[in-house]
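Undergrad: Provided herewith is a single structure, encoded as structure tokens, for subsequent inquiry.
There are 2 protein chains.
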Amino acid sequence: MKLFKKIAIIGVGLIGGSIGLAVKKKRLAGEVVGVSRRESSRKKALKFKAVDTATLDFEKGIQDADLVILAVPVGNILSLARKAVKHMKKGAILTDVGSSKENIVPEAEKVAGKKANFIGSHPMAGSDKRSVMNASHGIFNNAPLILTKTKYTDPRSLRKLKTFWRMLGCRVFIISPEKHDKLASLASYLPHVVSFMLALSQTKDSVRFAAGSLKDTTRVASSDPELWKGIFLLSGRRVLDSIGTFTKNLKLLEKAIKRKDEKSVKKFLEKAKKIRDSIKT
Amino acid sequence: MKLFKKIAIIGVGLIGGSIGLAVKKKRLAGEVVGVSRRESSRKKALKFKAVDTATLDFEKGIQDADLVILAVPVGNILSLARKAVKHMKKGAILTDVGSSKENIVPEAEKVAGKKANFIGSHPMAGSDKRSVMNASHGIFNNAPLILTKTKYTDPRSLRKLKTFWRMLGCRVFIISPEKHDKLASLASYLPHVVSFMLALSQTKDSVRFAAGSLKDTTRVASSDPELWKGIFLLSGRRVLDSIGTFTKNLKLLEKAIKRKDEKSVKKFLEKAKKIRDSIKT
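If you're matching them up, the sequences are chains A and B in order.
My numbering puts the first residue of the first sequence at 1, with every later residue one more than the last.
My numbering puts the first residue of the second sequence at 1001, with every later residue one more than the last.
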């Protein structure tokens, strides 16, 4: 039996398209509908077989869907959630794939009310690429995925959504929206902040000497500025917190270098290496 | 005809070993001798065929070599240069592969005196790995390589060394030691500083959610702390300069996020992306 009769994916870019491809590959749904305003996106999604059908018609796309996935930038989630709930089947699951949760989930739960069951999803499987043309069913393999749980979360929907993401290959963690943003600020927002600013610090001359270190550390600075502007502003407080933590560490290293304190410099680098080595690649 | 009759490589780790492999693959030398204090390194270098012979005997290893390459951490270059020059053939070329130049090259030139011709080399082809076991002849393919030129540089030796690195696959740039350190501080020291401090800012909890962004930005934080401590202290002023540039940019972004200035945040990210996209991968 299929996990869902019909899944509607709103926004068929990199993540939306990859979900479509993975759902179809694993045969988790009777039907996958892609909803997008842009004709070019709908055409590409169909061409890449990321969806069974693609439509501009929000109402038609969402009608009868058991699962509606908002695969859009964080700035558009709430307005599209409002629009989606109107047309959703009672009791269906509504989720998103955004990187910010504490400023989205409580509002989205209110919007869903008693009609739909909203649960936030965050597959940590992004890329600096956009567009369904870079989509792949494989990006979820072993990717961490966070589901948000609050006192309003419907347990049955949570179980079903957990099964869904697991079948797509994700390692699912269930935590509160606040906990999510706190962890994401260190594991995702901060690496992006630092990567963008590292790229911004380069000169025309210096990039000619770019080797592995500069290439790797700035890879995600190629990410979509509009998308990340949205996350940095929506989760401003958390982003500033993580910048604070980073700046504190950088200041300590700076001071140690200034006073030629070999022992401290080495201690910082050794501790950093130990943490990095603990991350599975 | 071979480019060199005999090449002596002092230190057969990742870079030294890779040079040996590449020289042997391209048949650039009649003989490649590896010199290392550690028996295990000598054994591994022989096993991986990175050298033709390996010896503990500095004098014997260097004797009659046309090219002596100091493939050791920056902190050991000057003392080993002093030791090497004593046993070198008159007129032979002495080079290093270190990441710091302005505090090494003038001293090394003095040490070489009229006996040997010292030229600094910096192949920007490192890795977070050490040891000859990770060595590969391919790491020089298309890698930027800087040769230092000063008023004391012997033109014939410079031409020969340029040919050597080019035949190994490097894109060779010839600049002054000062220019090198200025560029390396942005293209190499700063990415390492930032990567180490980004890793140091993580918690046990946050690393469980490490996705591509954190993994890529912190990859070089797995590098050898001893090696990078040496570079950060030897090139302290340059490292502090680049940290200053980075901190200034970070402060600007921080302030823009604080005042919810969407336009400025987007402008910073767009500019950063443009710079990153200009780097060939």
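For every residue, glycine included, the Cβ atom is placed at its ideal position computed from N, Cα and C.
Determine, for A/W228, whether the minimum Cβ-Cβ distance to residues of chain B falls below 8 angstroms.
TA: Stepping through the first sequence from its first residue, residue 228 of chain A is reached at position 228. Closer than 8 angstroms to some Cβ of chain B, the Cβ of A/W228 qualifies, so yes.
Undergrad: Would you kindly work out how many angstroms separate the C-alpha atoms of B/S1201 and A/W228, rounded to a whole number?
TA: Looking up residue 1201 of chain B in the second sequence gives position 201. Looking up residue 228 of chain A in the first sequence gives position 228. Those two C-alpha atoms are separated by around 21 angstroms.
Undergrad: Taking the runs of the alpha helix (DSSP H) that are 4 residues or longer, which of them lie wholly in the region 136-163 of chain A?
TA: Those alpha helix (DSSP H) runs which fall completely within the region 136-163 of chain A and span 4+ residues do not exist here.
Undergrad: Is the shortest distance between the beta-carbon of A/F209 and the beta-carbons of chain B less than 8 angstroms?
TA: Walking along the first sequence from the start, residue 209 of chain A turns up at place 209. True, the Cβ-Cβ gap to chain B drops below 8 angstroms.
Undergrad: What does A/M124 touch in chain B if you count any residue whose Cβ is under 7 angstroms from its own?
TA: Here residue 124 of chain A corresponds to residue number 124 of the first sequence, with the count starting at 1. Correct list: F1209, A1211.
Undergrad: Just verifying my parser: in three-state terms, what is the DSSP assignment at B/N1076?
TA: Numbered from 1 along the second sequence, position 76 holds the residue referred to as residue 1076 of chain B. B/N1076: helix per DSSP, three-state reduction.
Undergrad: For a test of the three-state rule: what should DSSP assign to A/K60, helix, strand or coil?
TA: In the first sequence, the residue the question calls residue 60 of chain A occupies position 60. Helix, per DSSP.
Undergrad: In this structure, how does DSSP classify B/F1048 when only helix, strand and coil are distinguished?
TA: For this step, residue 1048 of chain B is matched to residue 48 along the second sequence. The answer is coil: DSSP assigns B/F1048 none of H, G, I, E or B.
Undergrad: Which residues share a DSSP beta bridge with A/N283?
TA: Here chain A covers residues 1 to 281 and nothing more, so residue 283 of chain A does not appear.
Undergrad: Kindly list the residues whose CB is nearer than 6 angstroms to the CB of A/P177, restricted to its own chain and excluding five residues on each side of it in sequence; keep chain order.
TA: The residue you call residue 177 of chain A lines up with position 177 of the first sequence. Only K101, E102, V105, T148 meet the Cβ criterion.
Undergrad: With a 10 Å radius around its C-beta and 16 neighbouring C-beta atoms as the bar for buried, classify B/D1057 as buried or exposed.
TA: Looking up residue 1057 of chain B in the second sequence gives position 57. It is exposed - the Cβ of B/D1057 has fewer than 16 other Cβ atoms within 10 Å.
Undergrad: Quick check: what's the CA-CA separation for A/M167 versus A/L158?
TA: Counting from one through the first sequence, the residue named residue 167 of chain A turns up at place 167. Counting from one through the first sequence, the residue named residue 158 of chain A turns up at place 158. Spanning the two alpha carbons is a distance of roughly 14 angstroms.
Undergrad: Can you pull the chain B residues whose beta carbon is under 7 angstroms from the beta carbon of A/H137, in chain order?
TA: Position 137 of the first sequence, counted from the start, is the residue given in the question as residue 137 of chain A. Neighbours of A/H137 on chain B: none; closest Cβ ~17 angstroms, over 7 angstroms.
Undergrad: Quick one, which residues of the region 91-112 of chain A are near chain B if we go by CB-CB under 8 angstroms, in chain order?
TA: Of all residues in the region 91-112 of chain A, none has a Cβ within less than 8 angstroms of some Cβ in chain B.
Undergrad: If you follow the beta strand (DSSP E) that B/I1279 is in, where does it begin and where does it stop?
TA: In the second sequence, residue 1279 of chain B corresponds to position 279, counting from 1. It is not in any beta strand (DSSP E) - B/I1279 carries neither H nor E in the DSSP assignment.
Undergrad: Helix, strand or coil for A/R238 per DSSP?
TA: Translated into the one-based positions of the first sequence, residue 238 of chain A becomes position 238. The answer is helix: DSSP assigns A/R238 an H, G or I state.
Undergrad: Would you kindly work out how many angstroms separate the C-alpha atoms of B/V1097 and B/A1071, rounded to a whole number?
TA: In the second sequence, residue 1097 of chain B corresponds to position 97, counting from 1. In the second sequence, residue 1071 of chain B corresponds to position 71, counting from 1. For B/V1097 and B/A1071, the distance between alpha carbons rounds to 6 angstroms.
Undergrad: Grab me the residues of B/T1053's own chain with a C-beta within less than 7 angstroms of its C-beta, minus the 5 sequence neighbours each way, in chain order.
TA: Counting from 1 along the second sequence, the entry for residue 1053 of chain B is found at position 53. Counting only Cβ-Cβ distances below 7 angstroms, and skipping sequence neighbours, we find V1033.
Undergrad: Check B/E1102 in the structure and name its three-state DSSP category.
TA: The sequence position of residue 1102 of chain B within the second sequence is 102, counting from 1. B/E1102 falls in the coil class under three-state DSSP.
Undergrad: Suppose contacts are defined by Cβ-Cβ distances below 8 angstroms. Is B/A1112 in contact with B/V1068 by that definition?
TA: Here residue 1112 of chain B refers to the residue found at position 112 of the second sequence. Here residue 1068 of chain B refers to the residue found at position 68 of the second sequence. No.
Undergrad: Of all Cβ atoms in chain B, is any one closer than 8 angstroms to the Cβ of A/K282?
TA: With chain A covering only 1 through 281, there is no way to say anything about residue 282 of chain A.
Undergrad: So with CB distances below 7 angstroms, who are the chain B contacts of A/N249?
TA: Residue numbering aside, residue 249 of chain A sits at position 249 when the first sequence is read from its first letter. Result: M1197, L1200, S1201.
Undergrad: Apart from the five residues on each side of it in sequence, which residues of its chain come closer than 7 angstroms, Cβ to Cβ, to A/T245?
TA: Locating residue 245 of chain A in the first sequence gives position 245, where the first residue counts as 1. Taken in chain order, the list of residues that qualify is empty.
Undergrad: What does A/R171 pair with, by DSSP beta-bridge criteria?
TA: Along the first sequence, read from residue 1 onward, the residue named residue 171 of chain A stands at position 171. According to DSSP, which records beta bridges pairwise, A/R171 is partnered with A/P144.
Undergrad: Note the first and the last residue of the continuous beta strand (DSSP E) segment covering A/F4.
TA: For the purposes of this step, residue 4 of chain A is identified with residue 4 of the first sequence, where counting begins at 1. First-last of the beta strand (DSSP E) with A/F4: 4-10.
Undergrad: Once the 5 residues before and after B/K1047 are set aside, which same chain residues still bring their CB inside 8 angstroms of it?
TA: Position 47 of the second sequence, counted from the first residue, corresponds to residue 1047 of chain B. If we look at B/K1047 and ignore the five residues flanking it on each side, it has no Cβ neighbours.
Undergrad: Identify each residue in the region 252-276 of chain A for which the Cβ-Cβ distance to at least one residue of chain B is less than 8 angstroms, and report them in chain order.
TA: So the close ones are L253, E254, I257, K258, K260, E262, V265, K266, F268, L269, E270, K271, A272, K273, I275, R276.
Undergrad: Per DSSP, what kind of secondary structure is B/A1210 in: helix, strand or coil?
TA: Numbered from its first residue, the second sequence carries residue 1210 of chain B at position 210. Of the three classes helix, strand and coil, the one that applies to B/A1210 here is coil, per DSSP.
Undergrad: Within its chain, find whatever has a CB closer than 8 angstroms to the CB of A/E226; leave out the 5 residues flanking it on each side and keep chain order.
TA: Walking along the first sequence from the start, residue 226 of chain A turns up at place 226. Contacts found: P73.
Undergrad: Please list the terminal residues of the continuous beta strand (DSSP E) segment that includes A/G282.
TA: Outside the modelled stretch of chain A, which goes from 1 to 281, sits residue 282 of chain A, for which no answer is possible.
Undergrad: Using the three-state DSSP reduction, which class does A/A54 fall into: helix, strand or coil?
TA: Along the first sequence, one-based indexing puts residue 54 of chain A at 54. In this structure, A/A54 counts as strand in the three-state DSSP scheme.
Undergrad: Once the 5 residues before and after B/A1199 are set aside, which same chain residues still bring their CB inside 6 angstroms of it?
TA: On the second sequence, position 199 is the one that residue 1199 of chain B refers to. Once the five neighbours on either side are set aside, the close Cβ partners of B/A1199 are T1218, A1221.
Undergrad: Could you check the C-alpha separation between A/S41 and A/S18 for me, to the nearest Å?
TA: Residue mapping note: residue 41 of chain A aligns to position 41 of the first sequence, counting from 1. Residue mapping note: residue 18 of chain A aligns to position 18 of the first sequence, counting from 1. Roughly 13 angstroms separates the two Cα atoms.
Undergrad: I'd like to check one pair, B/S1121 with B/Y1189: are the Cβ atoms closer than 8 angstroms?
TA: In the second sequence, counting from the first residue as 1, residue 1189 of chain B sits at position 189. In the second sequence, counting from the first residue as 1, residue 1121 of chain B sits at position 121. For B/Y1189 and B/S1121, no; Cβs fall outside 8 angstroms.
Undergrad: From B/S1137 to B/L1021, what distance separates their C-alpha atoms?
TA: For the purposes of this step, residue 1137 of chain B is taken as residue 137 along the second sequence, with counting starting at 1. For the purposes of this step, residue 1021 of chain B is taken as residue 21 along the second sequence, with counting starting at 1. Looking at the sequence shown, residue 1137 of chain B is not Ser but His. Going by the C-alpha atoms only, they are around 5 angstroms apart.
Undergrad: Where do the ends of the beta strand (DSSP E) carrying A/V193 lie?
TA: Stepping through the first sequence from its first residue, residue 193 of chain A is reached at position 193. Not the beta strand (DSSP E): A/V193 falls in the alpha helix (DSSP H), residues 190-200.
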